[in-house]
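Residue numbers (our numbering), protein chains in the order written: chain A, 1 to 305; chain B, 1 to 264.
Heads up, the thing below is written out as structure tokens.
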């Protein structure tokens, strides 16, 4: 139990980089980017193939980061310059990357057993914690810079930031590139950790990323960027723990996990908005009652005042 | 300062919905001019604003700032010279960001935005000073999210953000129209004092005839894509709403039709 919990936290921290990428597009840019399903595998493929060919694993991970950034740039270009609908741009890139990933891998899966590994001679947990925190802090700082502010404003009120001279096409492309770079890095690290990369490992990744973001925000809140990025990391870990627990339920199979993920997201999306609606209604009812009471107590409403 | 030379713009050209937004519009503004714009529905006032700010490109004619043709320059690049306040109080600020962050984005108007921090001590001091100019206490709420402010407060902030970097041209597109009368009056007063203090060259579209006469040193009237009346400084002093309506009827041969017009 304990080892599986530790395993869940370790992979949660590695998947957290992917979830942070999803957070950038989904929450900050307000751009639902489906490229993630492809770019996660792209990162894993680049990292794995380079390791197999003898590149030091750290350099392979950095190249995965760059590969993801290129994939994201393509999606951004399709959307901003090609004027293609955002969802569609992501889907197009996702499907294109499926073939590209197969080309990179050369075969459906590549084993990394007995290769140099990023996690050689270090505790996976310690390394993963350091990585996740480092990326979180860097993102927090970045979003406070002039460039970061204009990126956030692009998702918040693009007309306003254009009137102050930011090129929202560039900020959008940059944001999507940064997002997919993180996603690809996460893919490369996961491949290193599980010691194989396979062409279908990215399928459903966007939904897992969304689940992490939504679970994290629902539990830990998202009032500031600092809070939100922390929430996303914790959300990714919690998602992995739920995953590990679900695997221990006898009548559930590993393949049911995507369905469970979908159900978790539906709950996380519906419950808060339903709760808000109920609360609004009760406040409205209370206020109306107060107002009615006031009117009722007034002697003879109407006439002179 | 600002010159609009023979500018024309068609919407949906060549279709049954073809609509003339501007035909051969001409306007020359000297530095420090404050021109108010009035006109009936669909007269082309907003199109004029959009063409100056670069949201739209003219089909014919040129827009010049300081003698330089800016027609081919994109909207975000023009913002170096042009400050704008929109009608919608929500349009000029980013709601999920704080007051100081919004100010920081306005502060870097037209500059390249790099990796230095948007809000630092020195900038904070400037923001506080500028915000206190508004007199509504925003200088004490620097780290509040703008989404928490009222419509009037947001519009006041938008006005400040559009002006405190002293753009060469200020465009105000019915920026008091969506506010209740008291707030509209506050924004009008602020506009007047800010424009005067900073000597901004300003073009203001309004539905309020009284406001159009009271503010600024010049007034233009538009109808069907044309500038039909250009009132200069001397005449504007003694202008009344009745005279203005009379002039409109005389020139265009119909009554001024605008479902939102306020006579003042």
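The beta-carbon is built from N, C-alpha and C at its ideal position, and this holds for glycine as well.
- The three-state reading of DSSP puts residue 197 of chain B in helix, counting H, G and I together.
- Scanning B:189, B:251, B:225 and B:215 for the CA closest to the CA of residue 238 of chain B turns up B:215.
- Pairing residue 107 of chain B with residue 162 of chain A, the inter-Cα distance amounts to about 13 Å.
- Proximity of chain A to residue 79 of chain B at the Cβ level (cut-off 9 Å) is accounted for by 162, 163, 164, 165 and 166, in chain order.
- Taking 9 Å as the cut-off, the beta carbon of residue 79 of chain A is found no closer than this to the beta carbon of residue 206 of chain A.
- By alpha-carbon distance to residue 270 of chain A, the top candidate from A:4, A:251 and A:215 is A:215.
- DSSP places residue 11 of chain B in the uninterrupted beta strand (DSSP E) bounded by 2-11.
- Taking a C-beta distance under 9 Å as the contact criterion, residue 90 of chain A and residue 33 of chain A qualify as a contact pair.
- For residue 144 of chain A, the three-state secondary structure derived from DSSP is coil.
- DSSP places residue 195 of chain A outside both helix and strand once states are collapsed to three, so it counts as coil.
- Residues of the region 228-240 of chain A with a C-beta atom less than 7 Å from some C-beta of chain B do not occur.
- Leaving aside the five residues that flank residue 236 of chain A on each side, the residues in its chain whose CB is nearer than 6 Å to its CB run, in chain order, 12, 15, 16, 19 and 212.
- Rounded to the nearest whole angstrom, the CA to CA distance from residue 55 of chain B to residue 7 of chain B is 14 Å.
- CA-CA distance, residue 12 of chain B to residue 110 of chain B, rounds to 32 Å.
- Residues 176, 211 and 215 of the same chain have their beta carbon placed closer than 8 Å to that of residue 188 of chain B, with the five preceding and five following residues left out of the count.
- If you check each beta-carbon in the region 92-104 of chain B against every beta-carbon of chain A, the ones closer than 7 Å belong to 92, 93, 94, 95, 96, 97, 101 and 104.
- At a cut-off of 9 Å between beta-carbon atoms, residue 175 of chain B makes no contact with chain A.
- With respect to residue 42 of chain A, residue 64 of chain A sits close: the two C-beta atoms are nearer than 9 Å.
- Under the rule that a run must span 3 or more residues, the beta strand (DSSP E) segments found entirely inside the region 202-231 of chain B read 218-223 and 226-231.
- Under the 9 Å criterion on CB atoms, residue 218 of chain A is classed as non-interfacial with respect to chain B.
- Looking at B:167, B:196 and B:235, the one whose alpha-carbon comes closest to that of residue 1 of chain B is B:167.
- By the Cβ rule, the region 94-105 of chain B counts as touching the region 144-153 of chain A, because three or more pairs are nearer than 8 Å.
- Residue 217 of chain A is classed as buried because its beta carbon has at least 16 other beta carbons within 10 Å across all chains shown.
- Taken in chain order, the complete alpha helix (DSSP H) segments of 4 or more residues contained in the region 143-186 of chain B are 151-163.
- Annotation: residue 48 of chain A to residue 191 of chain A spans about 7 Å, alpha carbon to alpha carbon.
- Close to residue 75 of chain B, with beta-carbon spacing below 7 Å, are these residues of chain A in chain order: 162.
- Around the beta-carbon of residue 100 of chain B, 16 or more other beta-carbon atoms lie within 10 Å, marking it buried.
- Following the DSSP letters along the chain, one finds residue 200 of chain A in no alpha helix (DSSP H), marked with neither H nor E.
- Annotation: residue 22 of chain B is outside any alpha helix (DSSP H); the continuous beta strand (DSSP E) that includes it extends over 19-29.
- Among the residues of chain A, those whose CB is under 9 Å from the CB of residue 108 of chain B are 146, 149, 150, 164, 165 and 166, following chain order.
- At the C-beta level, residue 220 of chain A and residue 115 of chain B stay beyond 9 Å of one another.
- Here the alpha carbons of residue 173 of chain A and residue 88 of chain A stand approximately 15 Å from one another.
- The region 169-245 of chain A contains, as complete beta strand (DSSP E) runs of 3+ residues, the segments 196-198 (chain order).
- According to the DSSP secondary-structure assignment, residue 31 of chain A is paired through a beta bridge with no residue.
- With fewer than 16 other Cβ atoms inside 10 Å of its own Cβ, residue 58 of chain A counts as exposed.
- With respect to residue 217 of chain B, residue 35 of chain B sits close: the two C-beta atoms are nearer than 9 Å.
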